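Residue numbers (my numbering), protein chains in the order written: chain A, 1388 to 1582; chain B, 1388 to 1582.
Yeah, the Cβ is synthetic: ideal placement off N, Cα and C, and Gly gets one too.
Please read all numbers here as calculations on a predicted model, not as lab measurements.
In what follows, a structure is listed as structure tokens, so that the remarks can point back to it.
Protein chains: 2
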Amino acid sequence: MGRTARFSSDAILDAAADVVADGGPARTSIGSIAAHLEAPSGSIYYRFASRDLLMASLWIRTARRSQQGALEAMAHPDVERAAVGAALHVVRWSRSHLTEARILMLYRREQLAAEWPGELGDELATLNRPLEEARHTFTRRLAAAGASANPTDVAFALVDVPFAAVRRSLVAGTAPPRRVDELVRLTCRTVLFGT
Amino acid sequence: MGRTARFSSDAILDAAADVVADGGPARTSIGSIAAHLEAPSGSIYYRFASRDLLMASLWIRTARRSQQGALEAMAHPDVERAAVGAALHVVRWSRSHLTEARILMLYRREQLAAEWPGELGDELATLNRPLEEARHTFTRRLAAAGASANPTDVAFALVDVPFAAVRRSLVAGTAPPRRVDELVRLTCRTVLFGT
DNA sequence: GACATACTAGAGAGCGCTCTCTATTATTGG
DNA sequence: CCAATAATAGAGAGCGCTCTCTAGTATGTC
């Protein structure tokens, strides 16, 4: 029933991702996405009711895709390997997903979608929940292992430092150099395990 | 000769800084700056020929203001103290200049001014030169002292890590907690001096 | 083959923003 | 007090963007 789609939601989000990654959110208009996709703007509004909804969907899709590996890394039975693995995941994922990493790390949610669309319900609230829970249980594992379980320290070692380590490269649009893996590993160990 | 100014350039930049810091660059229109200052938009265009010129001026003023302390810290005769001091300066300056720090750390230049105005000449090119030169000579001092002189390491320890430590708080709009000083100090020492 | 349906296609209304332009007002030097 | 000047004041032209609306087109079902 009905004709087959020429422009799928995913294809539109892919185009949006390209445009955001190389022009920034401010230059990402429905028109520019349409041009990149060689589609009329009407076809885009057929899938996404508003610009904010489109950009919010892009954000969600990108965040989801990046979470998987982090969760797996934290599940490692050895606490220290789990910590280092989670920290390194950010770097590795950035290397293998340059465009998506640029979106996730160089801009904040509010810069993509000015207003979070009501249609998305509590999607935003639940989006980071798996990661938050994983970090919560992981913090307890750290405490049990005699490592630092200070939330500030954990966030610093597992999120902020890896983020900072890749940022410079992402801004330049190039893959992070190998050396940053070493720096992230070293910092993570020092901060959490004092080794 | 002529009437005295009601709205000085600096007052306009102050208003712009407030608006950027709490609404982001995209919401910072000439109208919103004017409203915050209770001035008509014409008075703003009397001082700044374009939005880009205004935002670029704000960027320059903010960057200049933050550089001073970094340069002083790096001039310390003891290499290790100089390194730690430079790294900590970012944190301390963020604490004492929350609004300006939000502008400098949460957004990039291109997000403020889409096109760098030609009127500003090579201001942009020379803006960071003092800091770059200081970091260059400082890297040689590190090498002479037997510390790590890898440019990636130096940038990581002196810029990226402090930035990472502070970002979370700046996003939340609060001053960075005391604990981050310790984390920055620890990381800086470990990465550069291995202690 | 005809009908319902899912989608493409793009013109244009409306809006908010930048920037221009002209009129007016305050201040200073002679 | 009187020019000359430096600045305020705000209306509105023009532009690009979002979003709407209507018409047309391909595809599956009976």
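So, do the stretch 1408-1416 of chain B and the stretch 1554-1570 of chain A have three or more beta carbon pairs nearer to each other than 8 Å?
no
Whose C-beta lies closer than 7 Å to the C-beta of R1438 of chain B among residues of the same chain, with five residues either side of it excluded?
I1417
Taking D1413 of chain A as the query, report the chain B residues whose CB atoms sit under 8 Å from its CB, ordered along the chain.
Note on identity: in this sequence residue 1413 of chain A is Ala, with Asp being the wrong assignment. Within 8 Å Cβ-Cβ: P1412, A1413, Q1498, A1501.
Under 8 Å Cβ to Cβ from F1543 of chain B, same chain only, skipping five residues before and after it: list those, please.
V1578
Does the beta-carbon of G1380 of chain A have 16 or more other beta-carbons within 10 angstroms, so that it is buried, or is it exposed?
The question about residue 1380 of chain A has no answer, for chain A in this structure spans 1388 to 1582.
Entirely enclosed alpha helix (DSSP H) segments - the stretch 1454-1504 of chain B, minimum 4 residues:
1466-1483, 1485-1493, 1496-1499
Should the stretch 1431-1450 of chain A be regarded as contacting the stretch 1492-1511 of chain A, the criterion being three or more beta carbon pairs within less than 8 Å?
yes
Nearest by alpha-carbon distance to A1460 of chain B: which of B:L1518, B:T1582, B:A1398 is it?
B:L1518
Where A1390 of chain B falls, given that 16 or more other Cβ within 10 Å makes a residue buried:
The sequence as given places Arg at residue 1390 of chain B; Ala does not occur at that position. The residue in question, R1390 of chain B, is exposed, as its Cβ has fewer than 16 Cβ neighbours within 10 Å.
With 8 Å set as the bound, which would you pick, yes or no: does the beta-carbon of P1517 of chain B sit closer than that to a beta-carbon of chain A?
no
In three-state terms, what does DSSP make of E1425 of chain A?
coil
Check whether chain A comes within 8 Å of V1471 of chain B, counting only Cβ atoms and requiring the distance to be less than that.
no
What residue ranges within the stretch 1401-1447 of chain A form continuous alpha helix (DSSP H) runs of no fewer than 4 residues, ordered along the chain?
1417-1424, 1428-1434
Let's test the definition: count the other Cβ atoms within 10 Å of the Cβ of T1574 of chain B and tell me whether it reaches 16, buried, or not, exposed.
buried
Could you say which of A:A1403, A:G1410, A:R1393 lies nearest to E1497 of chain B if we only look at CA atoms?
A:G1410
Do the CB positions of R1434 of chain B and S1396 of chain B come within less than 8 Å of each other?
yes
Please report the Cβ distance between A1470 of chain B and S1481 of chain B, rounded to the nearest whole angstrom; I am assuming they are in contact, meaning their Cβ atoms lie under 8 Å.
The pair is not a contact, with the Cβ atoms about 18 Å apart (cut-off 8 Å).
Output, in chain order, the set of chain A residues within a Cβ distance shorter than 9 Å of A1551 of chain B.
F1543, V1546, D1547, V1548, P1549, F1550, A1551, A1552, R1554
Give me the chain B residues within the contact set of T1539 of chain A, using Cβ-Cβ distance strictly less than 8 Å, ordered along the chain.
P1564, R1566, V1567, L1570
Hey, is T1486 of chain B's beta-carbon within less than 8 Å of any beta-carbon in chain A?
no
So, does the CB of V1407 of chain B fall closer than 8 Å to a CB anywhere in chain A?
no
Cβ neighbour criterion (16 or more within 10 Å) applied to G1472 of chain B:
buried
Where the alpha helix (DSSP H) containing S1556 of chain B begins and where it ends:
1548-1559
Count the other C-beta atoms from every protein chain shown that fall within 10 angstroms of the C-beta of A1392 of chain B, then say buried if there are 16 or more, exposed otherwise.
exposed
Nearest-angstrom Cα separation, counted from L1491 of chain B out to A1421 of chain B
22 Å
DSSP three-state call for S1395 of chain B: helix, strand or coil?
coil
In chain A, what lies closer than 8 Å to L1573 of chain B by C-beta?
T1577, V1578
Terminal residues of the continuous alpha helix (DSSP H) containing A1530 of chain B?
1516-1531
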